[in-house]
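Novice: First residue of the sequence shown? That's -5 in my numbering, and the numbers climb one at a time after it.
Even for Gly, the Cβ is constructed at its ideal location relative to N, Cα and C.
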Amino acid sequence: MTKRPFTVKGERATESLQLIHSDGYALRTAAYILNRVPSKSILKTPLELWCGRKPSLRHVRIWGCPAHVLKGKTGKLEPKSEVCMFVGYPDGTKEGFFYSPEDQKVFVSTNATFLEHDYMIDFKPRSKIVLEELLSDEIGPQPIKVVGPLREKTTAPDQTPKAHRRSGRVSMLPDRYTGEA
-5 MTKRPFTVKG ERATESLQLI HSDGYALRTA AYILNRVPSK SILKTPLELW
45 CGRKPSLRHV RIWGCPAHVL KGKTGKLEPK SEVCMFVGYP DGTKEGFFYS
95 PEDQKVFVST NATFLEHDYM IDFKPRSKIV LEELLSDEIG PQPIKVVGPL
145 REKTTAPDQT PKAHRRSGRV SMLPDRYTGE A
């Protein structure tokens, strides 16, 4: 098992990603993404300089988002997939590393449906920074400048709603329905 040892005696893992060595997967994923985006000094990506072709970013996913990963062999009444957490990219493939909270294992899979949209809706920031609101009195009164003459509002006379245009086409039944054929 790849559990992270806890330093404080009373500390417990509150999330499933805290149970694994997620720092290693996070650093590996950060390096993977940084090799595929351009830098300020060079307008090409590092991977483009090494391989000579522009890398695709279509397979990049949100780190830590839940995904339904297809299980290998299941019985008739067992679920075909399980919810796992996406934790990184393996070398040389477009697959992904997934962490299973039930088995407490990290594995590689290509068959996954990512729940990124649901993850972003339920996202709650962990930051405890509180922004203070500036009061208008602290800023001080500022003079208002008038640029030009103000336009007077003109009200339009009441307009009656126009009737919808109707087609002038006369619909007729085919001859086979009228009995004239």
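Could you check how far apart the C-beta atoms of PRO49 and ARG30 are, in whole angstroms? I think they sit under 8 Å.
Specialist: For the purposes of this step, residue 49 is identified with residue 55 of the sequence shown, where counting begins at 1. For the purposes of this step, residue 30 is identified with residue 36 of the sequence shown, where counting begins at 1. Between ARG30 and PRO49 the Cβ distance is about 5 Å, and since that is below 8 Å, they are a contact.
Novice: In angstroms with no decimal places, state the Cα-to-Cα distance between GLY18 and TYR83.
Specialist: Your numbering for residue 18 matches position 24 in the sequence shown. Your numbering for residue 83 matches position 89 in the sequence shown. If I take the Cα positions, the gap works out to 12 Å.
Novice: Across the stretch 33 to 49 and the stretch 65 to 72, are there enough close Cβ pairs to call them in contact, namely three or more that are closer than 8 Å?
Specialist: With a cut-off of 8 Å, the stretch 65 to 72 and the stretch 33 to 49 do not count as touching, because too few Cβ pairs lie within range.
Novice: Whose CA, out of ARG160, LEU109 and ARG170, lies closest to the CA of GLY58?
Specialist: The count along the sequence shown starts at 1 and reaches residue 58 at position 64. Closest by alpha carbon: LEU109.
Novice: Inspect the beta-carbon positions of LYS74 and LYS88 and report whether they are closer than 8 Å.
Specialist: Position 80 of the sequence shown, counting from 1, holds the residue named residue 74. Position 94 of the sequence shown, counting from 1, holds the residue named residue 88. Cβ distance not < 8 Å, so LYS74 and LYS88 don't count as in contact.
Novice: Would you mind giving the Cβ-Cβ distance between VAL81 and VAL100, rounded to the nearest angstrom? I have them listed as a contact below 8 Å.
Specialist: Locating residue 81 in the sequence shown gives position 87, counting from the first residue. Locating residue 100 in the sequence shown gives position 106, counting from the first residue. About 6 Å; that satisfies the 8 Å criterion.
Novice: Between THR154, VAL77, ASP169 and ARG163, which lies nearest to PRO95 when the distance is taken from Cα to Cα?
Specialist: Start at 1 with the first residue of the sequence shown, and residue 95 comes out as number 101. When each option's Cα is compared against that of PRO95, the closest is VAL77.
Novice: In three-state DSSP terms, what is GLY107?
Specialist: Within the sequence shown, numbered from 1, the residue matching residue 107 stands at position 113. Strictly speaking, residue 107 in this sequence is Thr, with Gly absent from that position. Residue state, collapsed to three classes: strand.
Novice: Excluding sequence positions up to five away, which residues of its chain have a Cβ less than 8 Å from the Cβ of PHE92?
Specialist: By one-based count along the sequence shown, residue 92 stands at place 98. Only ALA61, VAL63, CYS78, MET79, PHE80, VAL81, VAL100, PHE101, VAL102, SER103 and ALA106 meet the Cβ criterion.
Novice: What residue range does the beta strand (DSSP E) around LEU43 cover?
Specialist: For this step, residue 43 is matched to residue 49 along the sequence shown. Not the beta strand (DSSP E): LEU43 falls in the alpha helix (DSSP H), residues 40 to 45.
Novice: Distance, Cα to Cα, ASP112 vs SER35?
Specialist: As a first step, residue 112 is located in the sequence shown; it is residue number 118 there, counting from the start. As a first step, residue 35 is located in the sequence shown; it is residue number 41 there, counting from the start. Their Cα atoms are separated by approximately 37 Å.
Novice: When DSSP builds the beta bridges, which residues end up paired with VAL100?
Specialist: In the sequence shown, residue 100 corresponds to position 106, counting from 1. VAL100 pairs with TYR93.
Novice: Hey, how far is the Cα of ALA24 from the Cα of ILE115?
Specialist: To locate residue 24, count along the sequence shown from 1; it is residue 30. To locate residue 115, count along the sequence shown from 1; it is residue 121. Rounded to the nearest angstrom, the two C-alpha atoms are 23 Å apart.
Novice: Going by the beta-carbon positions, is the gap between GLY90 and ARG55 smaller than 8 Å?
Specialist: Walking along the sequence shown from the start, residue 90 turns up at place 96. Walking along the sequence shown from the start, residue 55 turns up at place 61. Yes, the Cβ-Cβ distance between GLY90 and ARG55 is below 8 Å.
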